[in-house]
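Novice:
Residue numbers (my numbering): 470 to 585.
(1) Which same chain residues end up closer than 7 Å to residue 530 when comparing Cβ atoms and leaving out the 5 residues on each side of it in sequence?
(2) Looking only at C-alpha atoms, which of 558, 496, 491, 493 sits nearest to residue 532?
(3) Could you check what DSSP says for residue 515 in three-state terms: helix, strand or coil?
(4) Take the Cβ of residue 424 as the centre, count every other Cβ of all protein chains shown within 10 Å, and call the residue buried at 16 or more, exposed below.
(5) So for residue 509, helix, strand or coil by DSSP?
(6) Could you please give me the residues that DSSP links to residue 527 through a beta bridge?
(7) Candidates 526, 537, 499: which alpha carbon is nearest residue 512's?
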């Protein structure tokens with residue numbers, strides 16, 4: 470007799486209390502890898518509006534997504550300005566092109582590395 474172990478797919482997590490069950494990641498979180506025990510908070514500059522997301526969605530143009538774990542954008546772009554997709558802050562330094570970008574291998578999300 471062969472027993473098959475339960476696995477969980479992307480966008481889900483294995484429940485710690487019952488290793489053979491899994492649940493969808495809640496809105497505001499995601500999980501890009503299978504067989505994980507937790508979901509990741511949606512990163513700044515992205516939204517995670519649905520259950521079971523395997524990857525976050527870039528913040529829509531015209532909006533600001535300045536917090537972790539967002540289901541929807543935090544605010545509309547400031548009057549008289551245009552916010553590109555993925556806008557993280559109302560501060561102009563957040564849109565600088567001179568920063569170094571880093572890929573997070575676990576989440577697949579690219580973030581800016583600031584230096585002091």
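Idealized CB from N, CA, C, for every residue including glycine. Quantities reported herein were computed from a predicted structural model and do not represent experimental measurements.
Specialist: Reading off the structure:
(1) 552, 553, 554
(2) 558
(3) Three-state DSSP puts residue 515 in a strand.
(4) Not covered by the structure: residue 424. The range shown for the chain is 470 to 585.
(5) DSSP places residue 509 in strand when its eight states are reduced to three.
(6) DSSP lists 515 as partners of residue 527.
(7) 537
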